[in-house]
């Protein structure tokens, strides 16, 4: 009886300590961090306005002998639908996502979550994941090709206007295909598919109608302008760069870390990389069977953050076609969906987008236990109580 009373007393005192700490220490710290994040974001926006033409470099060395020059992508933030100019877009309307793809560059740059709103008001705005150039905080995904060193091949860029060849609205059952001819014997096509949740499959195709073999390297990048306004900077939660890079394992980096130093990972096989927020994430993943170079970097004095991969060389003989497949996840970090994609697309340890803390082997099983109990009782409070009883019963033999 005394042991039970002491146990209840200990729980009560623990709760009291947590409440007092949160009220007098936790909340003031969060408010201070929010203010700092807003000030940094405002300063970033000012600098972006002052520097409208931004050059984002690409990896210069691939493998041991191939020298790939910088792509020198110039971002023209005046060419965007937000400015009112007539840039054609393709609507996205799936079970979970709504938005559009810009045919200028073929960027996935306008994405909202159908089933999530910014607050509890059912009439509030949908959560926006990606935003196009010309908005206050551009955040987008772009795919393309880089030529081998010494070649002078006209390739599609961020400012290439693609033609819609197939489809009119991207849905879970209807893909779209866009195309572009470089006028020198190469035709580029991009097929984009989306599932019922948050995953895109992007097939990049090259048709070689020249008289010689063409060597190209596929790439994908995520560009994020400015530090997120809602960045928490809470020590128990990672927000920023994240990836699982083959045998290198999980690689995390804060925004400040990448301002100081670019991180490059060579000869990687399998995995993914991108940005994670508290509840949402956007990541890119190459074909799991393709070797690639992954990178976390920043430019424009640390006001633009980029994560990208550069795939291994693909040789396209004359009269032949080559395809490079990659994947994009952009949405809510729901564990069951992340686990599904790990199997469906071979995305190694995608569940690590959720910050499980140091004790992954304990916290994830507990999460599944609580989720299962909640599905039975429909109340997480009751689920926690029953989980406590189950755990105590499990360890009862050790205590006696």
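In this note's numbering, the protein residues as written are 104 to 503. Virtual Cβ for every residue (Gly too), placed ideally from N, Cα, C.
DSSP three-state call for residue i: helix, strand or coil?
i           : result
residue 218 : strand
residue 313 : coil
residue 319 : strand
residue 212 : strand
residue 251 : coil
residue 242 : strand
residue 432 : strand
residue 468 : helix
residue 354 : strand
residue 377 : strand
residue 383 : strand
residue 195 : strand
residue 256 : coil
residue 499 : helix
residue 158 : Residue placement at residue 158 is flagged as unreliable, the pLDDT there being 36, under the threshold of 50; the coordinate-derived value follows with that caveat. Residue 158 falls in the strand class under three-state DSSP.
residue 491 : helix
residue 445 : helix
residue 439 : helix
residue 337 : coil
residue 362 : helix
residue 180 : Bear in mind that the predicted position of residue 180 carries a pLDDT of just 38, short of 50, making it unreliable; the figure below should be weighed with that in mind. Reduced to three states, the DSSP call for residue 180 is coil.
residue 454 : helix
residue 402 : strand
residue 288 : coil
residue 473 : helix
residue 226 : coil
Give every residue of the same chain whose Cβ lies closer than 7 Å to the Cβ of residue i, excluding the five residues on either side of it in the sequence, and list them in chain order.
i           : result
residue 438 : 454, 457, 470
residue 440 : 300, 301
residue 444 : 302, 432, 450, 453
residue 395 : 371, 389, 412, 413, 414, 415
Any Cβ of chain D within less than 8 Å of the Cβ of residue i?
i           : result
residue 401 : Considering every chain present, this structure includes no chain D. It has just one protein chain.
Residues in the same chain with beta-carbon distance under 6 Å from residue i, minus the five sequence neighbours each way, listed in chain order, please.
i           : result
residue 305 : 246, 295, 429
residue 452 : 347
residue 333 : none
residue 341 : 355, 458
residue 215 : 201, 202, 229, 231
residue 217 : 199, 201
residue 353 : 347, 455
residue 498 : none
residue 477 : 483, 486
residue 290 : 284, 310
Quick one: using the 10 Å Cβ neighbour count with 16 as the cut-off for buried, is residue i buried or exposed?
i           : result
residue 384 : buried
residue 389 : buried
residue 410 : buried
residue 496 : exposed
residue 324 : buried
residue 397 : buried
residue 427 : buried
residue 483 : exposed
residue 500 : exposed
residue 493 : exposed
residue 223 : exposed
residue 210 : buried
residue 254 : exposed
residue 236 : buried
What is the C-beta distance between residue i and residue j, in whole angstroms, given that I count them as a contact (C-beta under 8 Å)?
i           : j           : result
residue 275 : residue 407 : In fact, because the Cβ distance is near 32 Å, the residues do not count as touching under 8 Å.
residue 343 : residue 373 : Contact doesn't hold; Cβ gap of about 22 Å is too wide.
residue 316 : residue 286 : That pair is no contact at about 19 Å.
residue 202 : residue 301 : Not really, about 12 Å apart at Cβ, beyond 8 Å.
residue 197 : residue 297 : 5 Å
residue 250 : residue 319 : 6 Å
residue 361 : residue 399 : 5 Å
Note down, in chain order, each residue of its chain lying with its Cβ closer than 8 Å to the Cβ of residue i, except the 5 sequence neighbours on either side.
i           : result
residue 339 : 458, 460
residue 234 : 212, 213, 240, 241, 242, 243
residue 220 : 227, 228, 229, 230
residue 480 : 486, 489
residue 145 : With a pLDDT of 45 at residue 145, under the threshold of 50, the predicted position of this residue should be treated as unreliable, though the coordinate-derived value follows. There are no such residues.
Task: Validate contact between the region 391-405 and the region 473-489 using beta carbons, cut 8 Å, 3 pairs - done: no
Task: the region 274-283 / the region 412-420 touching (three or more Cβ pairs under 8 Å) - done: no
Open item on the list: Tell me whether the region 305-314 and the region 357-372 touch, counting them as touching only if at least three CB pairs, one residue from each stretch, are closer than 8 Å.
Closed with: no
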